[in-house]
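Student: One structure follows; several queries about it will come next.
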Amino acid sequence: MVPVIGAPGAPPRAPVLPAERGGWWHAYVCPAHGVELEHDSLLDGVLPAGGARCRHGCRIDEPAVRGAWTVLAHQASARRIRALARSPQAADRHLAVDLLTAYARQYAALGAAPHDGAAEWMLRGRLFHQALTEAIWAVSIGQAARALRAIGQPLPTEVTQLLRALGTAAGQARDALVADGRFDSNYTAWLIAAGAACSGRPEWISGQHGMGDHVLAAIRPDGWEWEGSTYYHGFVLRAYLLTLEALPHVAVPGQVRSRLTAMVGVLDTLTTSGGLLPALHDGPYDRPPAQYEMDELRELLPLLGAGANQPGPVTVYPTTGYAVLRGSGLHAVVDFGPHGGSHGHRDKLALYLYGANTPWQPDPGQVPYAHRGWRQHYASTAAHPTFSVDGLDQAECAGHLLGHDDRSVSVGCDTAYPGVSARRRLTLRDGALVDELTVETDRPRRIAVQLRPDVDLTVRAGAGGSLETVWPGRQTLRGQHTSSTAAVAMCRPGPGPADDPQRVRTWVDWTAVDATTVTFRSIYRLEN
């Protein structure tokens, strides 16, 4: 894993603050390979000579990448200032004051105009393209200032003016989202956190359009952030916890606190016994900075005073549309809910399979958004372990829950393709997971169920058109597969999950040709 600059425990050293405004961090991607570029020299103030490194050997130095690197460098610098402000060494704390003052002068010199290089759809910041990334940076700045004040360190007038300006900007950006009907946006959670961290004013929790209102607007009754993305769920929860940290003496209504506790429960249930967190819908599959963010979230959880959730064999989230099954060393997730807005993928009735420490068949996640080609791929039906008809993408649609008990769940979808109905039933039985997927069509179609591993899958043809699969890893999974109608398995190379699209895996399209109804039955069992 790539070391994260500014992560907890890193030895403090003075950052060189970038002189430029930050761009759009999602542009920090190799145009050839689709991987996020390396996080080199973020505290050095300038992009590495020759450009940002790609793990496959490229060097990229173009305006969009330079602007994206600058975002990451500003964020790393703010985190380092926060670490210096919290240091027991007086020299470190004085250095933190000097750096905050330098940022205050840089911010003031930009004037009141927002960033002029951002896309029209973005809510613009001043030091950054996006108000969102500016808010994330502002939270670290506010935390640093609060740490210094807590030990009696006086702050220059320029720094207090910066904090005031950042709090005002957060309020204005939030008001713009409210006016645009986007109050439930994940942006809003971070604008609230920035306002709380920089101003310390209680209305950022208790006032109109404060955190309390946002929790009830953006978090579904089943505990999920409304977009149904693991990454954005944790992203929003972290903003809420940072808001609570900034305003520890502000009372939180019981309904809001219950919803926050439910958000934590979602992560507890979704995480495997070995600590793997499925990357459902949009977001990074395996990104070290995302792990740092999750670690920070876990450190903040005591603010809620909630204990760890102990999930049972079957947990269903009926509003968001996930079911999680745990048993006999297997951890399965089936997706049957709403599309999920701009962070949704075309993956209704997808089945994701994990061991305690092995992602056998994971949700593949998503690349940084600036790479349109790979972004379209990872949002597509073809990239997911679900069903497809005639090789086409599913529509952006919702499935539904048919029923469940303490050992099984049944889900369906009737709108992925015109004239097509699909049902998937998962059952924990006799130390195995039994998966039955039935697809019915209004005319002969090519119906496929897709296996999309992130391990070196072995496939063997058996008697009567059956299949046997072996899924290696720190735990080994074995699958036995049969179909009610003659089906042909086509094995072919395909890209692995989104952390590296160049990683080749064996894709299996198990296909019934010219069929009007077919049931694919798979029995998965952990190898002893």
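Sequential numbering from 1 applies to the sequence shown in UniProt numbering.
Don't be surprised by glycine CBs; every beta carbon is placed ideally from N, CA and C.
(1) DSSP on residue 520, reduced to helix/strand/coil?
(2) Alpha carbon to alpha carbon, how far is residue 26 from residue 361?
(3) Helix, strand or coil for residue 292 per DSSP?
(4) For residue 95, which residues in the same chain have their Cβ closer than 7 Å to its Cβ, ignoring the five residues on either side in sequence?
(5) Does the segment 229-236 come close enough to the segment 288-300 that 3 or more CB-CB pairs lie under 8 Å?
(6) Give me the residue from 293, 249 and 186 with the minimum Cα distance to residue 343.
(7) Could you name each continuous alpha helix (DSSP H) segment of 4 residues or more that falls completely within the segment 108-152, going from the start of the chain to the end?
(8) Which of the three DSSP states, helix, strand or coil, is assigned to residue 354?
(9) Which residue comes first and which comes last in the beta strand (DSSP E) that contains residue 403?
(10) Checking the sheet assignment: what are the DSSP bridge partners for residue 490?
(11) Assuming residue 399 contacts residue 337 (C-beta within less than 8 Å), just tell me the rounded distance between them.
(12) Keeping to the same chain, check which residues put their C-beta closer than 6 Å to that of residue 482; ignore five residues upstream and five downstream.
(13) So what does DSSP say about residue 19, is it helix, strand or coil?
(14) How many angstroms separate the CA atom of residue 373 from the CA atom of residue 346?
(15) Is residue 387 helix, strand or coil by DSSP?
(16) Check for me: the alpha helix (DSSP H) holding residue 230 runs from which residue to which?
(17) For residue 450, which beta-bridge partners are listed by DSSP?
(18) Would you mind stating whether residue 125 and residue 119 have Cβ atoms separated by less than 9 Å?
(19) Enumerate in chain order the residues of its own chain whose CB-to-CB distance from residue 323 is below 6 Å, with the five nearest sequence positions on each side excluded.
(20) Starting from the C-beta of residue 327, find all residues in its chain whose C-beta is less than 7 Å away, skip the five residues before and the five after it, and write them out in chain order.
(21) If you compare alpha carbons, which of 491, 60, 265 and 19 is closest to residue 30?
(22) With distances taken Cα to Cα, identify the nearest neighbour of residue 138 among 82, 356 and 123.
(23) If I measure Cβ to Cβ from residue 287 and keep anything under 7 Å in the same chain, skipping five residues before and after, which residues do I get?
(24) DSSP on residue 317, reduced to helix/strand/coil?
(25) Closest to residue 32 by C-alpha separation, out of 501, 527, 505 and 170, would be which residue?
(26) Could you tell me if residue 419 is buried or exposed, where buried requires 16 or more neighbouring beta carbons within 10 angstroms of its beta carbon?
(27) Here's the rule: buried if 16 or more other CB atoms are within 10 angstroms of the residue's CB, otherwise exposed. What is residue 89?
Tutor: Let's see:
(1) The answer is strand: DSSP assigns residue 520 an E or B state.
(2) Linking residue 26 to residue 361 through their CA atoms gives a straight-line distance of about 26 Å.
(3) Here DSSP, grouped into helix, strand and coil, assigns residue 292 to helix.
(4) Taking C-beta separations shorter than 7 Å and ignoring five residues to either side along the sequence, the partners of residue 95 in its chain run 14 and 84, following chain order.
(5) Touching, yes.
(6) Considering only alpha carbons, the answer is 186.
(7) Runs found: 131-150.
(8) Here residue 354 sits in strand by DSSP.
(9) Where residue 403 is concerned, the enclosing beta strand (DSSP E) stretches over 400-404.
(10) In the DSSP output, where bridge partners are listed per residue, residue 490 has 509.
(11) With 8 Å as the limit, residue 399 and residue 337 qualify as a contact, their Cβ atoms being about 7 Å apart.
(12) So the list reads 466 and 521, once near-sequence residues are dropped.
(13) Three-state DSSP puts residue 19 in coil, outside helix and strand.
(14) One C-alpha to the other measures close to 16 Å.
(15) In this structure, residue 387 counts as strand in the three-state DSSP scheme.
(16) In the DSSP assignment, residue 230 falls within the alpha helix (DSSP H) that extends over 230-246.
(17) Among the bridge pairs identified by DSSP, residue 450 is matched with 509.
(18) Their beta carbons are not under 9 Å apart, which means residue 125 does not touch residue 119 by this criterion.
(19) 316, 334 and 409.
(20) Cβ neighbours of residue 327 beyond the five flanking positions: 313 and 428.
(21) Per the Cα distances, 60.
(22) Among 82, 356 and 123, the Cα nearest to that of residue 138 is on 82.
(23) Only 36 and 499 meet the Cβ criterion.
(24) Strand.
(25) Comparing Cα positions, the closest option is 501.
(26) Residue environment: residue 419 is assigned as exposed (fewer than 16 neighbouring CB atoms within 10 Å of its CB, all protein chains considered).
(27) Exposed.
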